[in-house]
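Those sequence lines, one after another, are chains A and B.
All residue numbers for the first sequence refer to numbering that gives the first Met the number 0, where the first residue is 0 and numbers rise by one.
All residue numbers for the second sequence refer to numbering that gives the first Met the number 0, where the first residue is 0 and numbers rise by one.
Every residue gets a Cβ at the ideal spot worked out from N, C-alpha and C, and that includes glycine.
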Amino acid sequence: MSDGIRAGAAIQLLSPEGERVSNTHYDISLGDAELRDLYRDMVLVRRIDTEATALQRQGELGLWASSLGQEAAQVGSARCLRPGDFAFPTYREHGVTWSRGIKPLEFLAMFRGVTNGGWDPIERGCAIYTIVIGNQALHGAGYAMGIQLDDSDDAVIAYFGDGATDEGDVNEAFVFGSVFNAPVVFFCQNNQWAISQPRERRSRAPIHERAAGFGFPGVLVDGNDILAVMAVTREALDRARTGGGPTLVEAYTYRMAAHTTSDDPTRYRRAEELEIWRLRDPIERLKVFLARQGIADRHYFDQIEQEADELAVHVRDGVRSMPEPEATSMFDHVYAESHTLLEEQRRHLHEYEASFVPGGSA
Amino acid sequence: MTAMTMAKALNTGLRRAMEQDSKVILFGEDIGRLGGVFRITDGLQKDFGEHRVMDAPLAESGIVGAAVGLAMRGYRPVVEIQFDGFVYPAFDQIVSQVAKMHRRTEGTVRMPIVIRIPYGGGIGAVEHHSESPEAYFAHTAGLRVLTPGDPQAAFVTIQQAIACDDPVVYFEPKRRYWDKGDVDEGLDARDRQRVPDPWQARVVKAGDDVTVACYGPMVRTCLEAARASSDASLEVIDLQSLSPLDIETLVASVERTGRLVVVHEASANVGIGAEIAARVTERCFYSLEAPVLRVTGFDIPYPASRLEEHFLPDLDRVLDAVDRAMAY
Ligand SMILES: Cc1ncc(C[n+]2csc(CCOP(=O)(O)OP(=O)(O)O)c2C)c(N)n1
Ligand SMILES: [Mg+2]
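(1) Who are the Cβ neighbours of Arg35(A) in its own chain at under 6 Å, not counting the five residues just before and after it?
(2) With a cut-off of 8 Å, does the C-beta of Leu137(A) fall near any C-beta of chain B?
(3) Please classify Lys7(B) as buried or exposed, where buried requires at least 16 other C-beta atoms within 10 Å of its C-beta.
(4) Cα-Cα, which of Leu13(A), Tyr38(A), Glu33(A) is closest to Asp26(A)?
(5) Do the CB positions of Tyr328(B) and Val94(B) come within less than 8 Å of each other?
(6) Mind checking Ala361(A): buried by the 16 CB within 10 Å criterion, or exposed?
(7) Evaluate the contact criterion for the region 132–146 of chain A versus the region 179–199 of chain A: three or more CB pairs, one atom per stretch, below 8 Å.
(8) Should Ile275(A) be labelled buried (16 or more other beta-carbon atoms within 10 Å of its own) or exposed?
(9) For Gln11(A), which of Ser202(A), Asn223(A), Gly124(A), Glu171(A) has the nearest alpha-carbon?
(10) Can you list the alpha helix (DSSP H) stretches of 4 or more residues lying completely in the region 172–247 of chain A, in chain order?
(11) Is Asp161(A) near ligand 2 - that is, is its Cβ less than 7 Å away from at least one heavy atom of it?
(12) Anything in the region 157–168 of chain A with a Cβ closer than 8 Å to a Cβ of chain B? List those residues in chain order, please.
(13) Closer than 7 Å by beta-carbon distance: list the chain A residues that pair up with Ser60(B), in chain order.
(14) Would you tell me roughly how many angstroms separate the C-alpha atoms of Val318(A) and Val317(B), rounded to the nearest one?
(15) Identify each residue in the region 68–84 of chain B for which the Cβ-Cβ distance to at least one residue of chain A is less than 8 Å, and report them in chain order.
(16) With a floor of 4 residues, list each alpha helix (DSSP H) that falls wholly inside the region 2–88 of chain A, ordered by position along the chain.
(17) When you compare only the Cα positions, how much space is there between Thr241(A) and Pro216(A)?
(18) Less than 8 Å between CB atoms is the rule here; does Met229(A) satisfy it with respect to chain B?
(19) Under 6 Å Cβ to Cβ from Thr156(B), same chain only, skipping five residues before and after it: list those, please.
(20) Between Ala204(A) and chain B, is any beta-carbon pair separated by less than 8 Å?
(21) Does the distance from the CB of Gly180(B) to the CB of Pro150(B) come in under 8 Å?
(22) With DSSP collapsed to three states, give me the class of Ser266(B).
(23) Within 8 Å of any Cβ in chain A, is that where the Cβ of Val253(B) sits?
(24) First and last residue of the alpha helix (DSSP H) that includes Tyr254(B)?
(25) Tell me which residues share the same chain as Ala108(A) and place their Cβ nearer than 6 Å to its Cβ, disregarding the 5 neighbours each side in the sequence.
(26) Given that a residue counts as buried once 16 or more other Cβ atoms are within 10 Å of its Cβ, and exposed if not, what is Glu28(B)?
(27) Rounding to the nearest angstrom, what Cα-Cα distance links Ser28(A) and Leu37(A) in this structure?
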């Protein structure tokens, strides 16, 4: 399979050099303020990522899954959502959660190990992170079926990676989306790697072409071009809202960092690859575009840089001072209504641990 | 004897099995060039080739389902599930097909498949990376369930599991991967005269007052408890085979000590400890000085990592149960 970007097969509205390119089918026109805002979001999400990686190295986080290089795919697609829509992220979609208004400390809490969640999905229109590969794609299809039953014009976006397209769950989600004509956008970030497994090992056919077999459209978009990502996602969401059913978007991008902070990519991929993708950086290309068009100047970029510095301090301090959960809180919420056996265990743990504290009751 | 980690012992055992039988093939996510996320298959693809050490697609049902087909074709697939929490997509294939094929085909088709699963907590991991799902599999007739307690056991039992004509779910205590122990590499795992029966529990420390039954990650914990116990002398038994259970070894011990504490990380409810308590009580009712006690994880989903030390049985909780057993 050839490189989708070099082959020119992917929808692109902004070249890696920051030139606006035209496409016969897709276009987007955004106001200057919104364009600047997209830049701001991507810079801030990247800074959170940098800070989180450092915090993991310092032992403040148990693990971190970096979104480095995927900011345009994530911020661009999530930007197209309305408040009533619903997003189902994996564990890497920090640009999505950020765009849904989830606070950095809320999505960092799981990586610190103080919770397995972090926010109220229903209130925020965004599910908590899902680690088991592919599970959330089916949740997206089901949520969309619910929207349909409610006669609403809300829509769902379900995220997953290239590797996830191997899993039964993702393929079953395609079947459910298709059969029920559900208002769901399947958004696959093809970041070229599933831990050590390269894109070539996924399938003989490009991922987006799979949609045809399930009976709905598939689109390949340059995932590092935020304008193209928005144009394509908007169209897919509009289709979903107006009864057109699912769309599979394959956002062609690159995992610039290790799989997670536990991973050592030097064992399986060459450094040159990174150099190629550095030239396609999603933030740099929007920055060049904004500067050339006179939409933003140095003053603006400096201001965002400063905001990012402040955010980094907030993240650092906030993570370090996150309250430790009470031991007995692990018995909370196992059921809507707890039961006697469980409460006995909670009490037992409390008394047992108190017996170690000088003066504590045994 | 060579001092090596459990990870290296497993790697060496796998290598030995592959050298001895060309039908042994490895299949799993990221096991090739990367050598698996825990490096258990490190170097094996390089030495045995991509046709014998295969990187599988990211699909656990696919991995186990394909292993069934490979086994029917005469291979001995050893599959790796990356983490305990990711075996569930394969549960259907394991329970409906792997476990039942021999019976369904009236003994004509064997399933010499090994499903390796790193399991258990204590490594500060995120959700789904610290679970102990062994009871689901022990509950399923047709499956054998093994778990090694130290590097020597790992080196030998992984080879015995591969040689076994029944399917074996092989649980590897991931937080003990880096613990070192002496391994007798010269030992031929096929030599039935010299190697212990894998389905038999092992008395890893003899004692008189309380029998402590454990397995996998808890073997080290219980040995430490035995060392720390000043008032009572503990006999520590590494069950090793969770299905079938070796009740005889337990009965022989409990008839002498009169007390039994079962220790596992998995939740208590309907777990291995419950099974042992029932069986030992039936057999040793008149020898028991105290009820069989369990030290286990709580009946809750595995907690976020900063709480795991409160969830996992440790030396103090084992000794607390020993005290309670002695006080009866
Ligand atoms: C069911 C399941 N199997 C295995 C894993 C271990 N695992 C975590 S991430 C990953 C690779 C995922 O690749 P991809 O879908 O491309 O997403 P990316 O990490 O590249 O964003 C694997 C195998 C898992 N989390 N869930
Ligand atoms: Mg990927």
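Based on what the coordinates show:
(1) Only residues of its own chain outside the window of five on either side were considered, and among them Ala295 have a CB closer than 6 Å to the CB of Arg35(A), listed in chain order.
(2) Cβ-Cβ to chain B under 8 Å: no for Leu137(A).
(3) Buried is the call here.
(4) Here the closest residue by C-alpha is Leu13(A).
(5) Past the edges of chain B, shown from 0 to 327, lies residue 328(B), and the structure says nothing about it.
(6) Residue confidence for Ala361(A) is low, a pLDDT of 46 falling below 50, so the modelled location carries little weight; the figure read from the coordinates is stated next. By the neighbour-count rule (16 or more Cβ atoms within 10 Å), Ala361(A) is not buried but exposed.
(7) Three or more Cβ pairs drawn from the region 132–146 of chain A and the region 179–199 of chain A lie within less than 8 Å of each other, which places the two stretches in contact.
(8) When all chains shown are included, Ile275(A) counts as exposed.
(9) Looking at the Cα atoms, Asn223(A) is the closest of the given residues.
(10) Counting only runs of 4 or more, we get 209–213, 225–240.
(11) Checking the Cβ of Asp161(A) against ligand 2 gives yes.
(12) Correct list: Gly162, Ala163, Asp165, Glu166, Gly167, Asp168.
(13) Residues of chain A passing the Cβ test: Gly167.
(14) In a straight line, the C-alpha of Val318(A) is about 34 Å away from that of Val317(B).
(15) Residues of the region 68–84 of chain B with a Cβ closer than 8 Å to any Cβ of chain A, in chain order: Gly84.
(16) As far as the region 2–88 of chain A is concerned, its whole alpha helix (DSSP H) runs of at least 4 residues are 31–56, 70–78.
(17) So the alpha carbons of these two residues sit roughly 15 Å apart.
(18) Judged by the 8 Å Cβ criterion, Met229(A) is not in contact with chain B.
(19) Sequence-distant partners of Thr156(B) (beyond 5 residues in either direction) whose C-beta falls short of 6 Å from its own C-beta, in its chain, are Leu145, Pro147, Pro197.
(20) For Ala204(A), the answer is no, since every Cβ of chain B falls outside 8 Å of its Cβ.
(21) Pro150(B) sits close to Gly180(B), with the two beta carbons spaced by under 8 Å.
(22) Shown here, Ser266(B) sits in a strand according to DSSP, grouped into three states.
(23) No Cβ of chain A is located within less than 8 Å of the beta carbon of Val253(B).
(24) It should be noted that the sequence gives Glu, not Tyr, for residue 254(B). From DSSP, the alpha helix (DSSP H) with Glu254(B) extends over 246–256.
(25) The residues Thr114, Gly117, in chain order, have a CB closer than 6 Å to that of Ala108(A) in the same chain once the five nearest residues on each side in sequence are set aside.
(26) Within a 10 Å sphere around the beta-carbon of Glu28(B) sit 16 or more other beta-carbons, which makes this residue buried.
(27) Counting only the Cα atoms, Leu37(A) lies some 13 Å from Ser28(A).
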